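**Student:** My questions all concern the structure below.
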Amino acid sequence: MFKSLAPPEYLATIDQVKCIRCKRCIQNCGWSVYSWGGDKVVIDTQKCVKCLRCYHYCPEEAIEINDNPVKFKNNAYWGFNHIRNLKRQSETGGIPLTGMGSDQPYTILFDHLLIDACQVTNPSIDPLREPMELRTYLGKKPSSVEFEKGGGKPKLKTKMPPQIKLSMPVIFSPMSFGSISLNAQKVLAIAAKECGILMNTGEGGLHEDLLPYKDSIIVQVASGRFGVNPDYLNAGVAVEIKIGQGAKPGIGGHLPGEKIPLEVARARMIPVGTDALSPAPQHDIYSIEDLRQLIYAIKEATNYKPVSVKIAAVHNVAAIASGVVRAGADIIYLDGFRGGTGAAPAIIRDHLGIPIEHAIAAVDDRLRQEGIRNEASIIAAGGIRSSADAAKAIALGADSVAIATAALITMGCTVCGKCYTGNCSWGITTQRPELTARLDPEIYAERLINLVHAWEHELKEILGALGINAIESLRGNRERLRGIGLDAETLDILGVKPAGR
Amino acid sequence: MFDIDAKGVRFGELNASIREAVARGEKEIRVKHVNGQYYIGDGLRGGAVITIEGVPGNDLAAFMDGPTLVIKDNAQDNIANTMNSGRIIIHGHAGDVLGYGMRGGRLHIRGDVGYRVGIHMKGVKKQSPTIIVGGTAGDFFGEYMAGGTLILLGLDEKDAKPPEGAQPLEGGHPLVGDYLATGMHGGVIYIRGEVDKKQCGAEVGVMELDAEDIKALKDALIPYCADFGLKLEDVMKKGFKKLIPVSSRPYGNLYAY
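Residue numbers (our numbering), protein chains in the order written: chain R, 16 to 516; chain Y, 229 to 485.
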């Protein structure tokens, strides 16, 4: 057997003069890049993924991780990853996997949209002095309301469909126990409860440790049906049917056996160390009518809790969304092609689906045209990096956004994209007990709560600058967006004017 | 015995009255004139015995957790979808995608079943589902199976006619369709009769039963025979084959890391 011809992506180096032989890098690296050679640390750089755990835990700053300079000859067409993946495929015959959202240089529409602000003719609002309303309700809204008049306050006569109250229009995207560690799920749950928002179990069951947070949890049902029983369906505030995921639209999920120790296997009711297979289709859903059947099966089993349907943003997303809403979904969750994943074939992640910005605009337009926009709330996800992205998504027509990668970054994630290996040195996308123990839920929840509060302040600042005091006034308000560097057709699809007009 | 008349009643109302009766503590319930209503017994708990007269609609006993449903007639698709515990006894035939993701309890069908029955079944030591089919089954029987027990008996072969090109039973009708147990990675399937390896997914091995299997099989069949007035000796007269996964990671080599 010869050495792999796929060169290492990164070069890990240790300054032997600075190194005090404390071996912390050996302990910290989940990928076994470092080992003890008797008198110094030995490096196997082929294994390095540049997660930077070692760098942060080296007391002497003796470690440096660089992109491998010995790459293939520079070529604008045959990129490093093209050639490297071909080599790996020729050696294994397998499909190269990736984690996190696509890193390919497609146009980022959020970066071509700018938000309006008030000057002279209409006053802006000081969010430090005036109340700003970010509260958001997810669920069906009645098309009209009636009141009972009589003495005193008028009373609402219309029976309201179930609503989920959010303190702000940002929630956490689904990530299962299995794809991430239980401690990472706890971080999300603690922060969701504290911030008055939601986390989502993903398709891996609801661990009993999360029960205290059940009023801040959406439970998910997907094709593998892992962990789904009546207690589970009734535990959270809503149930989500997962049809697709932005990072891997149209394909199923394979949680690798490396990430299935006893506890995960028990939660999913499958053998230890087997791959957890969620096939591409749910074989009881081949049509909108079938989807309706599952939606109502869940509603019947939960005394009519709201049901969310998660779909990937694909070419025909507007028509599909219309069908999903007509099938009875209370919430439609759109996941753009930049959306993250714990494991997806690179070829799928990087080449299938459409950007979330297009999908929000197209779905919002279609539902309005058909007069059913009130029938379901839209959650937009798939690459929301900042509160500005969130504000733009809401102005395009979303009711709320969902974040996952941004939340994981508060736990130490450096977006190295190797989630599928189960070796995450930060204890996030791994089930190895020595690694997950690093992620103290209480400590890291504080960091995530900080992030959510920071976004809350930023969103209020944006609203203030816009001269509006409720997020409701920004929702679908594309007049307050302008496009820059976008062609006429793209502007038309997004429903925004070019900057300067 | 508490009677509920389903004639002309929509599913929501019908299920609400069944739930109400169960909540009130009725132990035996008879639902008369059922005609295709969906979701009967959906998410239902407790230990009631519910007899259904007529043909119930899709998603019968989805997510059900405890009760016993006796269906005197045929039943339709998606029965016992992700069912957690309880018993379903179907005296006639049943349709496609039965016991999808089933996690516990028993589904006994006297007649034939359609496609994708017992797919994605799961089980652990403490809780494991069983499906027993008295007649024949379509394609993808036990696909992606991860746990539990699937038993196919082919009891009525004499009545059936052979479709063209299909692998015939003694009487002619195929006992089971193609893609048998494709992607199976846990659990066990027992089939009464011969199984051609060509019908099966690459992930399973076809084996003879050992003493332990015979015991497990008999334990599973005793209540089944009791439900339908069959004799265990008659069912056991013919030999069985066992299907189990040959690998716990059927797609372990699919990816390059």
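Even glycine gets a Cβ: it sits at the ideal position worked out from N, Cα and C.
Bear in mind the structure is a predicted one, so any value in this text is a computation, not a measurement.
List the residues of chain R that residue 482 of chain Y touches, going by C-beta distances under 8 Å, in chain order.
**Tutor:** In chain order: 109, 110, 269.
**Student:** State the CB to CB distance for the pair residue 66 of chain R and residue 431 of chain R, rounded to an integer number of angstroms; the pair is presumed to be in contact (CB under 8 Å).
**Tutor:** About 4 Å; that satisfies the 8 Å criterion.
**Student:** Residue 316 of chain R versus chain Y: which residues are under 7 Å apart at the beta carbon?
**Tutor:** Those within 7 Å of residue 316 of chain R in chain Y are 270, 271, 290, 291.
**Student:** If the criterion is Cβ atoms closer than 9 Å, does the pair residue 301 of chain Y and residue 326 of chain Y meet it?
**Tutor:** Result no, Cβ atoms of residue 301 of chain Y and residue 326 of chain Y do not sit closer than 9 Å.
**Student:** Is the number of C-beta pairs between the stretch 392-409 of chain R and the stretch 484-491 of chain R that are closer than 8 Å three or more?
**Tutor:** Short answer: they touch.
**Student:** Compare the C-beta of residue 345 of chain R with all C-beta atoms of chain Y and state if any pair is closer than 9 Å.
**Tutor:** Residue 345 of chain R does not count as touching chain Y.
**Student:** Residue range of the alpha helix (DSSP H) that residue 368 of chain Y falls in?
**Tutor:** Here residue 368 of chain Y belongs to no alpha helix (DSSP H), and DSSP marks it neither H nor E.
**Student:** Whole-angstrom Cβ separation of residue 445 of chain Y and residue 419 of chain Y, contact assumed at under 8 Å?
**Tutor:** With 8 Å as the limit, residue 445 of chain Y and residue 419 of chain Y do not qualify as a contact, their Cβ atoms being about 11 Å apart.
**Student:** Are the stretch 438-445 of chain R and the stretch 194-208 of chain R touching, with three or more C-beta to C-beta distances below 8 Å?
**Tutor:** Yes, they touch.
**Student:** Tell me which residue opens and which closes the beta strand (DSSP E) that residue 169 of chain Y is part of.
**Tutor:** Limits of chain Y in this structure are 229 at one end and 485 at the other, which puts residue 169 of chain Y out of reach.
**Student:** Which same chain residues end up closer than 8 Å to residue 181 of chain R when comparing Cβ atoms and leaving out the 5 residues on each side of it in sequence?
**Tutor:** Contacts found: 150, 151, 152, 153, 211, 212, 213, 415.
**Student:** Have a look at the DSSP bridge pairing and note the partners of residue 352 of chain R.
**Tutor:** BP columns for residue 352 of chain R are empty, so no partner.
**Student:** If the cut-off is 8 Å on Cβ atoms, which residues from the stretch 110-131 of chain R count as contacting chain Y, listed in chain order?
**Tutor:** Correct list: 110, 111, 112.
**Student:** Would the stretch 288-306 of chain R count as touching the stretch 232-249 of chain R if we require 3 or more Cβ pairs under 8 Å?
**Tutor:** Because the criterion of three Cβ pairs below 8 Å is met, the stretch 288-306 of chain R and the stretch 232-249 of chain R touch.
**Student:** Name the residue from R:382, R:363, R:165 whose alpha carbon lies nearest to the alpha carbon of residue 334 of chain R.
**Tutor:** Measuring from the Cα of residue 334 of chain R, the nearest candidate turns out to be R:382.
**Student:** Going by DSSP in three states, residue 464 of chain Y sits in which element: helix, strand or coil?
**Tutor:** Helix, per DSSP.
**Student:** Relative to the alpha-carbon of residue 419 of chain R, which residue among R:262, R:317, R:62 has its alpha-carbon at the smallest distance?
**Tutor:** Ranking R:262, R:317, R:62 by Cα distance to residue 419 of chain R puts R:262 first.
**Student:** Please list, in chain order, all residues of the same chain as residue 61 of chain R whose beta carbon is under 8 Å from its beta carbon, the five residues on each side excluded.
**Tutor:** So the qualifying residues of the chain are 19, 23.
**Student:** Using the three-state DSSP reduction, which class does residue 228 of chain R fall into: helix, strand or coil?
**Tutor:** Residue 228 of chain R falls in the helix class under three-state DSSP.
**Student:** Measure the Cβ-Cβ separation of residue 243 of chain Y and residue 278 of chain Y and say whether it is below 9 Å.
**Tutor:** Against a cut-off of 9 Å, the Cβ pair of residue 278 of chain Y and residue 243 of chain Y comes out as no contact.
**Student:** Distance, Cα to Cα, residue 389 of chain Y vs residue 275 of chain R?
**Tutor:** Below a pLDDT of 50, predicted positions are generally treated as unreliable, and residue 389 of chain Y, at 48, falls in that range; no measurement from the model is reported.
**Student:** Please classify residue 470 of chain Y: is it buried, with 16 or more other beta-carbons within 10 angstroms of its beta-carbon, or exposed?
**Tutor:** Flag for residue 470 of chain Y reads buried.
**Student:** Tell me which residue opens and which closes the beta strand (DSSP E) that residue 523 of chain R is part of.
**Tutor:** The structure shown does not extend to residue 523 of chain R, since chain R is modelled only from 16 through 516, so no value can be given for it.
**Student:** Could you name each continuous alpha helix (DSSP H) segment of 4 residues or more that falls completely within the stretch 81-132 of chain R, going from the start of the chain to the end?
**Tutor:** Taking only runs of at least 4 residues, the alpha helix (DSSP H) segments lying wholly in the stretch 81-132 of chain R are 95-107.
**Student:** Can you tell me the Cα-Cα spacing of residue 334 of chain Y and residue 321 of chain Y, whole angstroms?
**Tutor:** Each residue's Cα considered, the two are about 16 Å apart.
**Student:** Using three-state DSSP, classify residue 51 of chain R as helix, strand or coil.
**Tutor:** Reduced to three states, the DSSP call for residue 51 of chain R is strand.
**Student:** What does residue 144 of chain R pair with, by DSSP beta-bridge criteria?
**Tutor:** According to DSSP, residue 144 of chain R bridges with nothing at all.
**Student:** Any idea if residue 119 of chain R is buried or exposed, counting beta-carbon neighbours within 10 angstroms, 16 or more meaning buried?
**Tutor:** Per the 10 Å Cβ criterion, exposed.
**Student:** How is the alpha helix (DSSP H) around residue 472 of chain R delimited, first residue to last?
**Tutor:** Start and end: 456-481.
**Student:** Using a Cβ-Cβ cut-off of less than 7 Å, list which residues of the stretch 287-313 of chain R approach chain Y; keep chain order.
**Tutor:** Listed by position, the residues of the stretch 287-313 of chain R near chain Y (Cβ gap below 7 Å) are 288, 289, 290, 292, 294, 298, 299, 308, 311, 312.
**Student:** Have a look at residue 160 of chain R and residue 171 of chain R and give me their C-alpha separation to the nearest angstrom.
**Tutor:** Whole-angstrom Cα-Cα distance: 7 Å.
**Student:** Below 8 Å on C-beta distance, what does residue 9 of chain R contact in chain Y?
**Tutor:** What is shown of chain R runs 16 to 516, which leaves residue 9 of chain R out entirely.
**Student:** At a CB-CB cut-off below 8 Å, which residues of chain R make contact with residue 414 of chain Y?
**Tutor:** Neighbours of residue 414 of chain Y on chain R, chain order: 285, 286, 289.
**Student:** Is the stretch 133-145 of chain R touching the stretch 332-346 of chain R, taking contact as three or more C-beta pairs under 8 Å?
**Tutor:** Cβ pair count under 8 Å is below three, so no.
**Student:** Only counting runs of 3 or more residues, tell me where the beta strand (DSSP E) segments fall wholly within the stretch 243-304 of chain Y, in order along the chain.
**Tutor:** If we require 3 residues or more, the beta strand (DSSP E) runs fully inside the stretch 243-304 of chain Y come out as 256-263, 277-283, 293-299.
**Student:** If you count every other CB in all the chains shown that lies within 10 Å of the CB of residue 452 of chain R, and 16 or more means buried, which is it?
**Tutor:** So residue 452 of chain R ends up on the exposed side.
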